[in-house]
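Structure, as structure tokens:
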Amino acid sequence: MAQLTIFATPKPFTDSHIDLIQQNAIGSWLQLGEDVEVVLVGDEEGYSEVVEQYQIAHQLHVSRNKWGTPLVNSIFMQARKASQNNLLAYINADIILTPDFVSAVLGISRIEERFLIVGRRWDLKVEDEINFEGKWVDDLEKKVRNQGKLHDSTAIDYFVFPRGIFTDIPPFAIGRAGWDNWMVYHAIKQSWTVIDITPSVIVIHQEHDYDHLPEGKPHYNLDESSQNVNLGGGFTKTYDLLDVNLEFAGGRIRKVQLTLPRMLRKIERWVMPQRKEGWRWRLTRKLRQLRRKVS
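Residue numbers (the numbering used here): 1 to 295.
Right, dumping it as structure tokens:
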């Protein structure tokens, strides 16, 4: 019987490379064993075919903003409707998971009651369909160690939590900046246990372009991203993984060490303004650039 529900809202399965990496991702989730079930939320093109192919659950209806982008609060609500499992995991649909992910999640769930699990991703160029037979995990992790790159602390691609929390989320636009940062901020302010599982788990992000967005540019400067930040309470509430003070390593939860990037992040949070203007914002940007260089 499943204990963990993985849910996602993939992009339309219309672009050949996006189709490939999303099917790789979903295929990896289905290899995680009987403890895991998978739910797709939304009605983008290609969903029905994928749902039928993999025989997975599907919640068709999701609310959208004026730009047509699905809303995070609606996605999370539909995921709860689709499953009775106590553990929920929102995963970006370009993310490959391995069984170590489930082991870490279940291990933490036996220790903590109200928690948020997050972590850094490994960026990897993937151009072929993954064959989920034999030693696919070993082969993939070897490729990551040889060719992959650990992303910095600003991108957060997965969230695992008990179903009883995150029941009141603002109507953020999915796939745009800001909402993932708010998730970490909110959990910390609620005094939930926030844990970084990067030391224990290799989570793989398959690299892709941004052709699905206006002018093919990343989402950071879109109006929807600005709206997300405003909905979350401004830039002072955009936390990242350097704000997480606990990690899961060696089967136990421990405090993270204070490093130069973490010290710079503390200063950055202290000077950060609510809006992108003035000397405080210029200093914030310089601090952010510096900590990325030393990470």
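For every residue, glycine included, the Cβ atom is placed at its ideal position computed from N, Cα and C.
Problem set entry | Residue interval of the alpha helix (DSSP H) (run including THR14) | Against the sequence shown, residue 14 aligns to sequence position 14. Where THR14 is concerned, there is no enclosing alpha helix (DSSP H), given that its DSSP letter is neither H nor E.
Exercise. For SER28, which residues of its own chain have a beta-carbon under 6 Å away from its beta-carbon, when the five flanking residues on both sides are left out?
Worked result: Counting from one through the sequence shown, the residue named residue 28 turns up at place 28. For SER28, same chain residues with a beta-carbon under 6 Å away, outside a window of 5 residues either side, are ILE96 and LEU97 in chain order.
Exercise. Would you call the CB atoms of LEU124 and ILE204 closer than 7 Å?
Worked result: Translated into positions along the sequence shown, residue 124 becomes position 124. Translated into positions along the sequence shown, residue 204 becomes position 204. Cβ atoms of LEU124 and ILE204: closer than 7 Å.
For this session: Can you check DSSP and say which residues form a bridge with LYS255?
Result: As a working mapping, residue 255 is identified with position 255 in the sequence shown. Partner(s): LEU246.
Problem set entry | Residues of its chain near ASP240, where Cβ-Cβ distance is below 8 Å and the 5 sequence neighbours each way are ignored | By 1-based counting over the sequence shown, the position of residue 240 is 240. In the same chain as ASP240, and ignoring 5 residues on each side of it, the C-beta atoms closer than 8 Å to its own belong to SER153, THR154, ILE156, ASN181, VAL184 and ARG265, in chain order.
Problem set entry | Euclidean distance between Cα positions of TRP279 and ILE188 | As a working note, residue 279 is residue 279 in the sequence shown. As a working note, residue 188 is residue 188 in the sequence shown. Approximately 28 Å, taken between the alpha carbons.
Problem set entry | 3-residue-minimum beta strand (DSSP E) runs that sit fully inside the region 152 to 205, ordered along the chain | Fully enclosed beta strand (DSSP E) runs of 3 or longer: 158 to 162 and 193 to 196.
Problem set entry | Close beta carbons around ILE21, own chain, < 7 Å, minus the five adjacent residues each side | Residue mapping note: residue 21 aligns to position 21 of the sequence shown, counting from 1. The residues are ASP94, VAL126, GLN206 and HIS208.
Exercise. Alpha carbon to alpha carbon, what distance is there between SER63 and GLY175?
Worked result: Walking along the sequence shown from the start, residue 175 turns up at place 175. Walking along the sequence shown from the start, residue 63 turns up at place 63. Cα to Cα, the separation comes out at about 14 Å.
Problem set entry | Among ILE18, PHE172, ILE202 and ILE108, the one whose alpha carbon lies nearest that of ASP223 | As a working mapping, residue 223 is identified with position 223 in the sequence shown. Of the candidates ILE18, PHE172, ILE202 and ILE108, PHE172 places its Cα closest to the Cα of ASP223.
Exercise. Does DSSP put ILE6 in a helix, a strand or coil?
Worked result: If you number the sequence shown from 1, residue 6 lands on position 6. It is a strand residue.
For this session: Tell me whether LYS81 is buried or exposed, calling it buried when 16 or more other Cβ atoms sit within 10 Å of its Cβ.
Result: The sequence position of residue 81 within the sequence shown is 81, counting from 1. Per the 10 Å Cβ criterion, exposed.
For this session: Let me know the alpha helix (DSSP H) ranges lying completely inside the region 13 to 84, each 4 residues or longer, listed in chain order.
Result: Counting only runs of 4 or more, we get 16 to 29, 47 to 54 and 72 to 82.
Exercise. Can you tell me whether DSSP reads LEU140 as helix, strand or coil?
Worked result: By 1-based counting over the sequence shown, the position of residue 140 is 140. Correct three-state label for LEU140: helix.
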